[in-house]
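Remarks on the structure that follows.
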Amino acid sequence: MRILLVEDDLALSEALSKSLRKQGYAVNCVFNGKDAIAALASDDCNLMILDLGLPDMDGLTLLDKIRKQKNNIPTLILTARDSTSDKIQGLDKGADDYLPKPFEMSELLARLRVMERRLGTSQQSLVSCGPVSLDITHHLVIINDQPVETSRREFTLLKSLMENLGRIQSKQQLESKLYEWGDEVASNTIEVHIHNLRKKLPNEFIKTVRGVGYSINQRAYPG
Ligand code: CA
């Protein structure tokens, strides 16, 4: 589950993303409306946590804008404004839930779990290609019906490749997936993990596209 966190309060953003990552969420932090819109256009986030008081635009304006563009990302609004009219306005503009500041982290996590459950039915939890399947919910790699141990980073990279069948993932794209977990990524990190993954995967399952990146070898492993 990947969360787009739109919050301009740096300290709060840092504290929230740290707690969320600890719970196993991947978090993409942006600090203003403009970057949020760009992230929504380019990333595949599953859920947005949106602060209403942003430096460049009102969170409600942002929400209105993206809903008009038919972006239905489930959205939890955070706000210091604790008035009923704001709440109603937020829900009218297409927010799914609303949490007034200050709040307890446990309360936020509980709300997210509810939203996730609602999402659950539409979320794909199993991704397969040839003999390899990923159980996204349980972070499990299954090869020829046998579970195979992978590290979190290896799983993240394999998932990114398998969710993008037929597309090449550049090294930078793969690195950004690891950054979402708050990981430090050294210059050879991707090569090292791909090397280790290959030892666990069927022959030539991951293809190197020289100078570009990596993809799943669909010619060798169709469907
Ligand atoms: Ca704010």
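Take the position in the sequence shown, starting the count at 1, then add 15; the result is the number in the working numbering. Each residue gets a CB set at the ideal place from its N, CA and C atoms; glycine is no exception.
query                                                                                              : result
Assigned secondary structure, I18 (DSSP; H/G/I helix, E/B strand, else coil)                       : strand
Nearest-angstrom Cα separation, counted from Q104 out to D111                                      : 12 Å
Where T136 falls: helix, strand or coil (DSSP)                                                     : Any reading at T136 needs caution, since the residue's pLDDT is 42, under 50, leaving its predicted position unreliable; the model's value is listed next. DSSP places T136 in coil when its eight states are reduced to three.
Between the CA atoms of P89 and R17 - distance to the nearest angstrom                             : 11 Å
DSSP-derived helix/strand/coil call for N232                                                       : coil
For I183, the three-state DSSP class (helix, strand or coil)                                       : coil
Pocket of ligand 1 (residues with CB nearer than 7 Å to any heavy atom), chain order               : E22, D23, D24, D66, G68, L69
Helix, strand or coil at D58 according to DSSP, with G and I counted as helix                      : coil
Meets three-Cβ-pair contact criterion under 8 Å: the region 48-57 and the region 71-89             : yes
Contact check, Q265 vs S175, beta carbons under 7 Å                                                : With the chain covering 16 to 238 only, the question about residue 265 has no answer from this structure.
Beta strand (DSSP E) segment containing K222, residue limits                                       : 221-224
Candidates E164, L123, E169, of which the one nearest Q38 by Cα                                    : L123
Whether G48 touches L69 by CB criterion (7 Å)                                                      : yes
Unbroken beta strand (DSSP E) run spanning I92, endpoints                                          : 90-94
N-terminal and C-terminal residue of the alpha helix (DSSP H) that L216 is part of                 : Run containing L216: none; DSSP gives neither H nor E here.
Start-to-end residues for the beta strand (DSSP E) that takes in I81                               : Where I81 is concerned, there is no enclosing beta strand (DSSP E), although the alpha helix (DSSP H) it sits in stretches over 74-83.
Whole-number beta carbon distance between S230 and R168, since they are thought to touch under 8 Å : Not really, about 18 Å apart at Cβ, beyond 8 Å.
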